[in-house]
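Protein sequence lines correspond, in order, to chains P and E.
With my numbering, the residue at position 213 of the first sequence is 213, and numbering never jumps.
With my numbering, the residue at position 129 of the second sequence is 129, and numbering never jumps.
Have a look at the structure below, then the notes.
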Amino acid sequence: MSMFDGLRFRNVSSPIHRIDPRAKFIYVCALFVAAVLFNQLIPLLILLLIQIPLVVMAKVVREWLRLIRGASFFAAIIFIMNVISLYFYGGYPSLASIIEHALAMTVRFIVLVESFSIFFLTTSPDMFGLSLEQIGVPYEFCFAFTTAIRFVPVLAEEAQTIIDAQRSRGLELEGGNIMRRIRNYIPILIPLIVNAIRRSLELAEAMESRAWGASKKRTNLYVLKMGSRDYCLIIVSILMVAASVYVWLFIKIPSITQILWP
Amino acid sequence: MAVIETSNLTYTYPFAEKPAFKDVNLKIERGEFVLLTGPSGCGKTTLCRCFNGLIPHFYGGNLEGEIVVAGLKPTEHPIYEMARHVGLVFQNPENQLFALTVEKDVAFGLENIGLPRDEIRRRVDWALKVTGIYDLKDRAPFELSGGQQQRVAIASVLAMQPEIIVLDEPTSFLDPLSAKSILEIIHRLNRDLEITVILVEHRLDLAARYADRVIIMDRGQIILDGEPRRVFLDERARLIGVGIPKVVRLYLMLMGDGIDLGRVPLSPEEISESIVEVLTSDRS
Ligand SMILES: Nc1ncnc2c1ncn2[C@@H]1O[C@H](COP(=O)(O)OP(=O)(O)OP(=O)(O)O)[C@@H](O)[C@H]1O
Ligand SMILES: [Mg+2]
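Written out as structure tokens, the structure reads:
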């Protein structure tokens, strides 16, 4: 669950939370481009570090650390796979340079996770849905999205109740081989699915009763407006991409191994 | 003028063998507070679904007879048009709130009908104040207690400014205290805003005092319909097994012992008043 906790929105007020989701999304994309452009350790470490002030400003350090911890398992796999494959196929001069390259790939992965988590940790699903709506995504999709998010805690709680109920009737969840374990979960999945269907019918009924689909031109209680802060972030993002492309094209980036053992 | 009128209304769910209710003739006047009750499965919810057109538009099935609600025939008008005149509040508060903030939920219907933004804002604030949850407007509905959620549900139909509000067992998920406060809100909507209320309720002890009229259904038919004090005295009400208010039962017990309280009571306050009256007049 720790991995998902990192993606769950907690409403705090901070300068980062107030930034328009669209601007934040452009920033995430810019980081993404920059991270994919480089495969050397030094620029990727820089990308990793420049985001830390944002996390602190957004007051989501704890959630963010939990998310990074959740991702560290995958990071370890990426690192090991890279070391192994570079050792056998790559023409790398030394073990140190192999490790450096593998580390770079791992840091790239962490940068991507980091930027997405900053986005989701500081953007309320409502605001995210709203920004989708304002960039022209049909309302039905946006509504489905926010409703799905709204029901995550409800369904999680329901799943727990069902698990407890089935356990108290003697259902064993642990033990046995993998097929056995999957089969063990059927008595939990079936009531969960049946309940979810019943719930969605009730929701549909309530939506219909509140004039769902009445007007083609739906009003929204909230509107997002870009402010100067948001434009600043967009400009920074663009500059970041431009700088990255420039460095990538014209500057030879040294590797740490070269610096240490020239 | 009748705000709801049905004649020989009969409805059968798709694939059902027999109708959920049969030959219902009902006339509800503007501004009435109608309490609808009856044993489980007698067709109360099904009848409510006809008032805003969920039946037949959402449920399909076979609806026969005539029904007119707020001057419109729900069979001929889409649900979203009926929704401006009839608000439905359902049993489970959790499954009728969709948004991530309370005020957004209350705005949902108004957004759907495409009102201008400042008008939405005005009506949302008004509905939140009437139901006493203005302070909760920025909270997430799923963090609230059941009673608070049900207030949000009421506010969200109220914001549409309907002439009729239909509530299907709005208190059945709530503890007695929250139930009481929800019923008081409903009472105020009826008394102060003159909204016609149809309340389906099993908790007659709490609800009876507000009703102008009680309708008791059994097995798809209206068995009793009239003034609460008369309906609760009827032998048939007791036989069907609806929970006749305890104060009415006490009244009948005292009657059996030869003590006539005069007026049939609908609340503990009323019966204690009558008892005090009888006692003081006895002494003189
Ligand atoms: N969606 C449905 N499809 C088919 N049959 C239904 C459906 N909903 C209810 N019924 C049937 O219609 C009849 C009336 O049910 P309804 O839910 O209206 O009763 P109710 O008076 O509201 O009961 P309760 O007090 O338990 O809520 C029942 O026999 C029920 O099985
Ligand atoms: Mg019912």
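Using N, Cα and C, we set each Cβ at its ideal position, and we do this for glycine too.
In this text, all values refer to a predicted model and were calculated from it rather than measured experimentally.
Does the Cβ of GLY38/E lie closer than 8 Å to at least one heavy atom of ligand 1?
yes
MET226/P: buried (16+ other C-beta within 10 angstroms of its C-beta) or exposed?
exposed
Here's a check: name, in chain order, each residue in its chain whose Cβ is nearer than 7 Å to the Cβ of TYR139/P, leaving out the five neighbours to either side.
GLU133 and ARG218
Over what stretch of residues does the alpha helix (DSSP H) that includes SER72/P continue unbroken?
Run containing SER72/P: 61 to 89, per the alpha helix (DSSP H) assignment.
What's the gap between the Cα of SER215/P and the Cα of ASN112/E?
Going from the Cα of SER215/P to the Cα of ASN112/E covers about 6 Å.
Determine the contact status of VAL34/E and VAL242/E, defining contact as a CB-CB distance below 9 Å.
no
Exposure of MET179/P, with buried meaning 16 or more beta-carbon neighbours within 10 Å:
exposed
Suppose you measure from the CA of ILE188/P to the CA of ILE163/P; what does that come to, to the nearest Å?
6 Å
Would LEU72/E and SER209/P be called neighbours here (beta carbons separated by less than 9 Å)?
One thing to note: LEU72/E has its Cβ no nearer than 9 Å to the Cβ of SER209/P.
Taking ARG18/P as part of the alpha helix (DSSP H), name the residues at either end of that continuous run.
15 to 18
Contact criterion: CB-CB distance below 9 Å. Does LEU199/E meet it with respect to chain P?
no
Chain E partners of GLY213/P, CB-CB under 9 Å?
PRO78, ILE79, TYR80 and ASN112, listed in chain order.
Ligand 1 heavy atoms versus the CB of PRO14/E: any closer than 8 Å?
The answer is yes for PRO14/E.
Could you tell me the alpha carbon to alpha carbon distance between ILE195/E and ALA159/E, rounded to whole angstroms?
12 Å
Cβ closer than 9 Å: which chain P residues qualify as neighbours of ALA83/E?
GLU208, SER209, ARG210, ALA211, TRP212 and ALA214
Give the DSSP bridge partners of GLN166/P, in chain order.
The partner list for GLN166/P (beta bridge, DSSP) is empty, contrary to what the question assumes.
Residue closest to CYS42/E, alpha-carbon to alpha-carbon, out of LYS246/E, LEU233/E, PHE21/E and ASN95/E
PHE21/E
Run the proximity test for LYS44/E: is its beta-carbon closer than 8 Å to any non-hydrogen atom belonging to ligand 2?
yes
Using a 10 Å radius around the Cβ and a threshold of 16 neighbouring Cβ atoms, would you call PRO43/P buried or exposed?
The residue is buried, with at least 16 neighbouring Cβ atoms inside 10 Å.
Measure the Cβ-Cβ separation of GLU51/E and VAL86/E and say whether it is below 9 Å.
The sequence given here has Phe at residue 51/E, not Glu. Yes, these two residues count as a Cβ contact at 9 Å.
Hey, is PRO184/E close to ligand 2, as in C-beta under 8 Å from one of its heavy atoms?
The residue asked about is misnamed: residue 184/E is Glu in this sequence, not Pro. GLU184/E Cβ: outside cutoff for every heavy atom of ligand 2.
Taking contact to mean 3 or more Cβ pairs, one atom from each stretch, closer than 8 Å, check whether the segment 214 to 225 of chain E and the segment 56 to 67 of chain E are in contact.
Segments in contact, no.
Please classify SER255/P: does DSSP put it in a helix, a strand, or coil?
coil
Presumed contact (8 Å Cβ cut-off) between ALA83/E and ALA58/P, rounded CB distance:
Not confirmed; about 40 Å, so no contact.
Spell out the partners DSSP gives ASN62/E in its beta bridges.
Paired residues: THR12/E.
Helix, strand or coil for ARG30/E, going by three-state DSSP, please let me know.
Residue state for ARG30/E is assigned as coil, using DSSP reduced to three classes.
Of all the CB atoms in chain E, is at least one closer than 9 Å to the CB of GLU202/P?
yes
Measuring straight from C-alpha to C-alpha, what distance separates LEU199/E and ARG49/E?
Roughly 13 Å between the two C-alpha positions.
Counting contacts by CB-CB distance shorter than 9 Å, is HIS57/E in contact with chain P?
So, interface residue.
Going by other Cβ atoms of all chains shown within 10 Å of its Cβ, with 16 needed for buried, is CYS232/P buried or exposed?
exposed
Terminal residues of the continuous alpha helix (DSSP H) containing LEU189/P?
186 to 209
Is the CB of PRO74/E under 9 Å away from at least one CB in chain P?
Cβ-Cβ to chain P under 9 Å: no for PRO74/E.
Proximity of GLU94/E and VAL33/P at Cβ, strictly below 9 Å
Using a Cβ distance threshold of 9 Å, GLU94/E and VAL33/P do not count as a contacting pair.
Does chain E have any CB closer than 9 Å to the CB of SER124/P?
Yes, contact with chain E.
Counting only beta-carbon separations shorter than 9 Å, does ASN62/E have a partner in chain P?
No Cβ of chain P is located within less than 9 Å of the beta carbon of ASN62/E.
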